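*Asks:* Numbering (my numbering), first residue to last: 1 to 228.
1) What span of residues does the beta strand (DSSP E) with residue 58 cover, start to end?
2) List in chain order: all unbroken alpha helix (DSSP H) runs of 4+ residues lying wholly within the segment 168-211.
3) Using 10 angstroms around the beta-carbon of residue 226, count the other beta-carbons present and answer buried if the total reaches 16, otherwise exposed.
4) Just list the beta strand (DSSP E) runs in the segment 38-100, keeping only unbroken ones of 3 residues or longer that don't cross its boundaries, in chain order.
5) For the alpha helix (DSSP H) that residue 2 lies in, which residues bound it at each end?
6) Around the C-beta of residue 45, are 16 or more other C-beta atoms found within 10 angstroms, so that it is buried, or is it exposed?
7) With a threshold of 8 Å, are at least 3 pairs of Cβ atoms found where one atom belongs to the segment 77-89 and the other to the segment 54-66?
8) Report buried or exposed for residue 95, applying the criterion of at least 16 other Cβ atoms within 10 angstroms of its Cβ.
9) Three-state secondary structure (DSSP) at residue 108?
10) Pick from 25, 10, 62, 78: whose alpha carbon is nearest that of residue 3?
11) Quick check: what's the CA-CA separation for residue 165 versus residue 213?
12) Out of 6, 63, 170, 176, state which residue places its alpha-carbon closest to the alpha-carbon of residue 223.
13) If I follow the unbroken alpha helix (DSSP H) through residue 223, where does it start and stop?
14) Output the distance between the C-alpha atoms of residue 27 and residue 128, rounded to the nearest integer angstrom.
15) Quick check: what's the CA-CA separation for residue 169 versus residue 220?
16) Hey, how far is the Cα of residue 118 from the Cα of residue 110?
17) Are residue 82 and residue 107 touching if we call contact CB-CB under 8 Å?
18) Give a single yes or no on whether residue 108 has its beta carbon closer than 7 Å to a heavy atom of the ligand COA.
19) Identify the continuous alpha helix (DSSP H) that holds residue 103 and give its terminal residues.
20) Measuring alpha carbon to alpha carbon, tell me which residue in 208, 19, 216, 171 is nearest residue 192.
21) When burial is assigned at 16 or more other CB atoms within 10 Å of the CB, is residue 160 buried or exposed?
22) Whose CA, out of 34, 1, 162, lies closest to the CA of residue 69?
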């Protein structure tokens, strides 16, 4: 069973809110989204605690109870961001709160760092300990890839086929225009070169299907279409 802990430090007390409204709170929505992504179908306990001014571990009875349970059963308590615990804790009490949490450190993890409290580096711990600004961490939603229906696959197939037919018609028309230029040049010289045909097409403002100037190689490829 998964154990989750959401700390609410701002706004009204959500103790009697319905589940749907609770889910709108960032600490709760982060944990719910994580569970959907990583543990869908598993049973879980989610405790929501409200405290606007943390003075010691005694200010967080629900967290303490969860940590005791996790330690007893070799489980983990997951919260969304350790910084929430310290951003609303008086600076004078933060060291004591840190010591208390380290006693359960192997059983307490957060989503932002994806680490247990005891495995954090000293630098990371200090950054958490002295964070005073707003906590804006938000877990990324996982976009589900929807498999196309047979009808949808058929529509894609038909659209691809139609697009190929349009491109083929345009390419054939370009080839016919080049063939006409070749025929005109043949009246003046015996065998017009591919470059001569390309130059004449460019002078007349004709372009390839991609809107580029003609070259000897693109003329050659285009004229080959008339041989198939």
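Just so you know, even glycine gets a beta-carbon here, dropped at the ideal spot from N, CA and C. A quick note: this is a predicted structure, and the numbers were derived from the prediction, not measured.
*Replies:* Reading from the atomic positions:
1) The residue given as residue 58 occupies position 58 in the chain shown. Taken as a continuous stretch (DSSP letters only), residue 58 belongs to no beta strand (DSSP E), as it is neither H nor E.
2) Along the segment 168-211, the alpha helix (DSSP H) occurs as fully enclosed runs of 4 or more residues at 194-203, listed in sequence order.
3) To locate residue 226, count along the chain shown from 1; it is residue 226. Exposed.
4) Scanning the segment 38-100 from its first residue to its last, the whole beta strand (DSSP E) runs of 3-plus residues come out as 44-50, 77-79.
5) Counting from one through the chain shown, the residue named residue 2 turns up at place 2. Element bounds for residue 2: not the alpha helix (DSSP H) but the beta strand (DSSP E), 2-8.
6) Numbered from 1 along the chain shown, position 45 holds the residue referred to as residue 45. Exposed.
7) The segment 77-89 makes contact with the segment 54-66; the number of CB pairs closer than 8 Å reaches 3 or more.
8) Here the question's residue 95 lines up with position 95 in the chain shown. Under this definition residue 95 is an exposed residue.
9) If you number the chain shown from 1, residue 108 lands on position 108. In the three-state DSSP reduction, residue 108 falls in the strand class (E or B).
10) One-based indexing of the chain shown puts residue 3 at position 3. Nearest Cα to residue 3 within the set 25, 10, 62, 78: 78.
11) Locating residue 165 in the chain shown gives position 165, counting from the first residue. Locating residue 213 in the chain shown gives position 213, counting from the first residue. A direct Cα-to-Cα measurement between residue 165 and residue 213 gives close to 23 Å.
12) Counting from one through the chain shown, the residue named residue 223 turns up at place 223. Out of 6, 63, 170, 176, 176 has the C-alpha closest to the C-alpha of residue 223.
13) Position 223 of the chain shown holds residue 223. Where residue 223 is concerned, the enclosing alpha helix (DSSP H) stretches over 216-224.
14) Taking the first residue of the chain shown as 1, we reach residue 27 at position 27. Taking the first residue of the chain shown as 1, we reach residue 128 at position 128. The alpha-carbon atoms of residue 27 and residue 128 are separated by roughly 16 Å.
15) Taking the chain shown and counting its residues from 1, one reaches residue 169 at position 169. Taking the chain shown and counting its residues from 1, one reaches residue 220 at position 220. Rounded to the nearest whole angstrom, the CA to CA distance from residue 169 to residue 220 is 17 Å.
16) The residue given as residue 118 occupies position 118 in the chain shown. The residue given as residue 110 occupies position 110 in the chain shown. Their backbone Cα atoms lie some 11 Å apart in a straight line.
17) Your numbering for residue 82 matches position 82 in the chain shown. Your numbering for residue 107 matches position 107 in the chain shown. In this structure, residue 107 does not lie closer than 8 Å to residue 82 by Cβ.
18) With respect to small molecules bound, the structure shown includes none, and the ligand COA cannot be examined in it.
19) Locating residue 103 in the chain shown gives position 103, counting from the first residue. Unbroken run through residue 103: none, as it is neither H nor E.
20) Looking up residue 192 in the chain shown gives position 192. When each option's Cα is compared against that of residue 192, the closest is 216.
21) On the chain shown, position 160 is the one that residue 160 refers to. Residue environment: residue 160 is assigned as exposed (fewer than 16 neighbouring CB atoms within 10 Å of its CB, all protein chains considered).
22) Indexing the chain shown from 1 puts residue 69 at position 69. Looking at the Cα atoms, 1 is the closest of the given residues.
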